[in-house]
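Chemist: Quick mapping for you: the protein sequence lines, in order, are chains A and B. Residue numbers for the first sequence follow the numbering used here, so the first one is 477 and each next one is one higher. Residue numbers for the second sequence follow the numbering used here, so the first one is 11 and each next one is one higher. Structure below; questions to follow.
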Amino acid sequence: MDRKIKFLKKKATEIRRLIVQMLAKAGSGHPGGSLSSTDIITCLFFAVMRHTPSDPQWSDRDRFHLSKGHCCPALYAALSLCGYFPKKELWNLRQLGAMLQGHPDRRTPGVEVASGSLGQGLSVALGMALAGKVDKKDWRIYCLMGDGEIQEGNIWEAAMAAAHFKLDNLCGVVDYNHFQIDGRTEEIMNLEPLVNKWESFGWHVVQCDGHNIEELLEAFDEAKAIKFKPTVIIAHTVKGKGVSFMEHVVDFHGRAPTAQEKDIALKELDEIEKIEETKGKK
Amino acid sequence: MESLYARDIYGKTLIELGKKDLRVVVLDADLSGSTRTALFGREYPDRFFNFGVAEQNMMAAAAGLASCGKIVFASTFAMFATARVMDQVRNSICYNNFNVKIVASHAGITVGEDGSSHQALEDINLLRAIPQLRIIVPCDAWETRDAIFAAYETEGPFYIRMGRAKIPTIEQKKKFKVGKGYVIEEGEDLAIIACGIMMNESLEANKLLKKEGVSATVVNMHTIKPIDEDLIVDIAKKHKKIMVCEEHQVIGGLYSAVCEVLARKCPTLIERVGIEDSFGQSGSPKELMDFYGLSSSGIAKKAQKFIRQHS
Ligand SMILES: Cc1ncc(C[n+]2csc(CCOP(=O)(O)OP(=O)(O)O)c2C)c(N)n1
Ligand SMILES: [Mg+2]
């Protein structure tokens, strides 16, 4: 197995462990969407993006914006593993005065713009993309959205504008896990035909398995190569991915695991890692 | 007396800023002719973005641009720069303390014939509770220019409110400083605190009062937030009665801001001239000002009654 892929898989499992531990410690937060977006975030921070954790404000960095702010545990874990801040900060998540707020806040190194109110992030990312074009810079902007989130009208205003402004430096990712707070997206507010929607708004669309590192990396490569239009990656994912009793379970959208659930989850993640390692040795 | 469109001066000031600072970018939402941002757009097309009729997108994108070091001026009508985009303004702009300067035109009843749907009378109320945002209501075109420059030079978000109609230039203005009001005329019987187009109306009202043997101290309170507490307390100590005049609902605007200061620091008899918790309607600006009691004669009449009432 390719060393890079193996490395990324290991990182993803590490991030999943941290998400579970962080949320159990905090006693509240959103595991489902954090776990479904873990592989996407892992690829971005450990392979795709050009960034310098020791200098978060480096002007030529690629930018990441977590439009679905409630999934910040995945982002926080990735940022800490990259070295943006000490890992021990993770254990203060959601506590009074903590650097890691319940939703992203600019007090956290690596967070570009606060989020939490859904539906604004693609516009924020579009603003960044415009800034990059004005300054004739080659850095790119990645914006991670939830599938429930894109029911917001503001997203489609941004979608229309990004194509209008030909923002090929902008790459959106939809974490298509088919769940939102009240249930399945198909039941609450159907998104289909989703590919057609983005295409008709003028975007280049790539679909992939959002838990397959190879496919994700290919998708990001393809996005980079597309000129004169923005690209959206529709990443097919499983909400709660990696922890069996959280997968496809609505309740774990916004409920933290108990101490006991945390222990079971960590065991499962250890198992996953072992299986991957043995696969690697073959 | 000189009378100018504040938005004409806004457009020209933008060009000045655009020339001296490449970080300046300007956004509009299909009202660039009316707000005059089109003037900047013609001069600097690469730094001007028209978002079409999509104000939420414009405001959140303004935040994104500011996050990359741009100084962003975003304009549309006051109605669509506030109520329509509260969440974007609060969460994407103000919470991040970004350099986004929202400069809204067509505020207030003097929008006129377009009627109530276009008469933003709650904008200041909506925005005043948001932390880190500064709110300025300039009294004429030149003070608008001062406010634009101040906003440009000051880190953080601003809301600057302009009207649609031409606005008389106030001759007695003093040096503009964000957060610092000033006495523009000294008088005896009460103090009038005003902002925006109500500044001129208040000065005219004072002329009428003087003809009847009474007079007012008139204060230019161009900054609604942060409100100049010291000046308000100072005025209250010198005058037994204060009247606040604004082209806004009497709920949540300048009147409320003054009341909040006085209730806590120096309880004083207070009266108000503003829109009394009602929607507007179509009419000429002059007719509407008269109808809602906002014109100089209405102010003078209310002031006379107020002076007599508790003496
Ligand atoms: C504007 C707004 N409305 C409602 C909420 C509350 N909320 C938080 S998460 C969520 C569901 C999001 O679903 P999705 O985007 O699919 O997220 P994911 O499945 O990735 O967790 C809602 C409604 C919010 N944060 N913002
Ligand atoms: Mg979802």
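Glycine residues also receive a C-beta, built at the ideal position from the N, C-alpha and C atoms. Remember, it's a predicted structure, so these values are computed and weren't measured experimentally.
Roughly how many angstroms separate the alpha carbons of E256 (chain B) and G74 (chain B), rounded to a whole number?
Modeler: Approximately 34 Å, taken between the alpha carbons.
Chemist: Could you name the residues of chain A that K80 (chain B) contacts, counting a contact when the two beta carbons are closer than 7 Å?
Modeler: By Cβ distance, chain A contributes A607.
Chemist: Starting from the Cα of N216 (chain B), find the closest Cα among B:C205, B:A201, B:G206 and give me that residue.
Modeler: That would be B:A201, whose Cα lies nearest to the Cα of N216 (chain B).
Chemist: What's the C-alpha gap between S306 (chain B) and I140 (chain B)?
Modeler: Each residue's alpha carbon lies about 32 Å from the other.
Chemist: Do I740 (chain A) and T489 (chain A) have their C-beta atoms within less than 8 Å of each other?
Modeler: For I740 (chain A) and T489 (chain A), no; Cβs fall outside 8 Å.
Chemist: Using beta carbons (cut-off 8 Å, strictly below), is F59 (chain B) in contact with chain A?
Modeler: F59 (chain B) counts as touching chain A.
Chemist: Report the CB separation of L511 (chain A) from K717 (chain A) in whole angstroms; it is logged as a contact under 8 Å.
Modeler: Rounded, the Cβ-Cβ distance is 5 Å, consistent with contact.
Chemist: Taking 8 Å as the threshold, find out whether the segment 51-65 of chain B comes into contact with the segment 583-591 of chain A through three or more Cβ pairs.
Modeler: Touching, no, given that fewer than three Cβ pairs across the two stretches are closer than 8 Å.
Chemist: What does K144 (chain B) pair with, by DSSP beta-bridge criteria?
Modeler: The identity of residue 144 (chain B) in the sequence shown is Arg, whereas the question assumes Lys. The partner list for R144 (chain B) (beta bridge, DSSP) reads B:F168.
Chemist: For a cutoff of 8 Å on Cβ pairs, would you count S593 (chain A) as touching chain B?
Modeler: Cβ-Cβ to chain B under 8 Å: yes for S593 (chain A).
Chemist: Identify which residue in A:Q656, A:A634, A:Y560 has its Cα closest to the Cα of K715 (chain A).
Modeler: Checking every option, the nearest Cα to that of K715 (chain A) belongs to A:Q656.
Chemist: Return no unless some Cβ of chain B is closer than 8 Å to the Cβ of M604 (chain A).
Modeler: Yes, its Cβ sits closer than 8 Å to a Cβ of chain B.
Chemist: Ordered along the chain, which non-local residues of its own chain (more than five positions away) have a Cβ less than 7 Å from that of Q259 (chain B)?
Modeler: Answer for Q259 (chain B): L131, E132, N135, G284, I285, D287, listed in chain order.
Chemist: What residues in its chain sit with their C-beta under 8 Å from that of L49 (chain B), if we drop five residues either side in the sequence?
Modeler: Counting only Cβ-Cβ distances below 8 Å, and skipping sequence neighbours, we find G21, K22, L24, I25.
Chemist: What does D97 (chain B) reach in chain A if we use C-beta pairs closer than 8 Å?
Modeler: Ordered by position in chain A, the residues that pass the 8 Å Cβ test against D97 (chain B) are S593, Q596.
Chemist: So is N645 (chain A) in contact with chain B if we call contact Cβ pairs under 8 Å?
Modeler: By this cut-off, N645 (chain A) is not an interface position.
Chemist: Quick check on DSSP: helix, strand or coil for H759 (chain A)?
Modeler: For chain A, the structure presents residues 477 to 758; residue 759 (chain A) sits outside this window and is missing.
Chemist: Ignoring anything shorter than 3 residues, give me the beta strand (DSSP E) runs that lie fully in the segment 543-622 of chain A, in order along the chain.
Modeler: Runs of the beta strand (DSSP E) inside the segment 543-622 of chain A: 617-622.
Chemist: Using a Cβ-based criterion (distance less than 7 Å to any ligand heavy atom), does Q627 (chain A) qualify as near ligand 3?
Modeler: For ligand 3, the structure offers nothing, since it holds only ligand 1 and ligand 2.
Chemist: Does the CB of N230 (chain B) have a neighbour CB from chain A at under 8 Å?
Modeler: Not one chain A Cβ lies under 8 Å of N230 (chain B).
Chemist: Check whether the Cβ atoms of A204 (chain B) and M172 (chain B) lie closer than 8 Å to each other.
Modeler: No, the Cβ-Cβ distance between A204 (chain B) and M172 (chain B) is not below 8 Å.
Chemist: How many angstroms separate the CA atom of F168 (chain B) from the CA atom of I112 (chain B)?
Modeler: Taking the straight line joining both Cα atoms gives about 6 Å.
Chemist: Are the CB atoms of P196 (chain B) and L213 (chain B) nearer to each other than 8 Å?
Modeler: Here the sequence assigns Glu to residue 196 (chain B), which means Pro is not the residue at that position. No, the pair does not count as a contact, with Cβ atoms beyond the cut-off.
Chemist: Using a threshold of 8 Å, state whether the C-beta atoms of V110 (chain B) and V82 (chain B) are closer than that.
Modeler: Yes. Within cutoff.
Chemist: Could you tell me the alpha carbon to alpha carbon distance between L598 (chain A) and N645 (chain A), rounded to whole angstroms?
Modeler: Distance between the alpha carbons of L598 (chain A) and N645 (chain A) is about 13 Å.
Chemist: Looking only at its own chain, which residues have a Cβ that is under 6 Å from the Cβ of D156 (chain B), when we skip the five neighbours before and after it?
Modeler: These residues qualify, in order along the chain: F186.
Chemist: Should T86 (chain B) and A117 (chain B) be called a contact, given that it needs their Cβ atoms to be closer than 8 Å?
Modeler: In this structure, A117 (chain B) does not lie closer than 8 Å to T86 (chain B) by Cβ.
Chemist: Report all residues from its chain with a CB closer than 6 Å to the CB of G47 (chain B); omit the five preceding and five following residues, and keep chain order.
Modeler: It should be pointed out that residue 47 (chain B) corresponds to Thr in this sequence rather than to Gly. Hits under 6 Å: V36, D38, S85.
Chemist: Counting C-beta neighbours from all protein chains within 10 Å, is the total for I751 (chain A) 16 or more, i.e. buried, or is it exposed?
Modeler: That one is exposed.
Chemist: Rounded to a whole number of angstroms, what is the C-alpha to C-alpha distance between F721 (chain A) and A161 (chain B)?
Modeler: Spanning the two alpha carbons is a distance of roughly 53 Å.
Chemist: Is there at least one non-hydrogen atom of ligand 2 closer than 7 Å to the beta-carbon of Q66 (chain B)?
Modeler: No, ligand 2 has no heavy atom inside 7 Å of this Cβ.
Chemist: What three-state label does DSSP hand G28 (chain B) in the structure shown?
Modeler: It is helical.
Chemist: Classify S42 (chain B): buried if its beta carbon has 16 or more other beta carbons within 10 angstroms, exposed otherwise.
Modeler: With 16 or more other Cβ atoms within 10 Å, it is buried.
Chemist: For Y652 (chain A), name the three-state secondary structure that DSSP assigns.
Modeler: Note: Y652 (chain A) maps to strand in three-state DSSP.
Chemist: Are G509 (chain A) and C547 (chain A) close, meaning C-beta to C-beta below 8 Å?
Modeler: It is a contact, given that the beta carbons lie within the stated cut-off.
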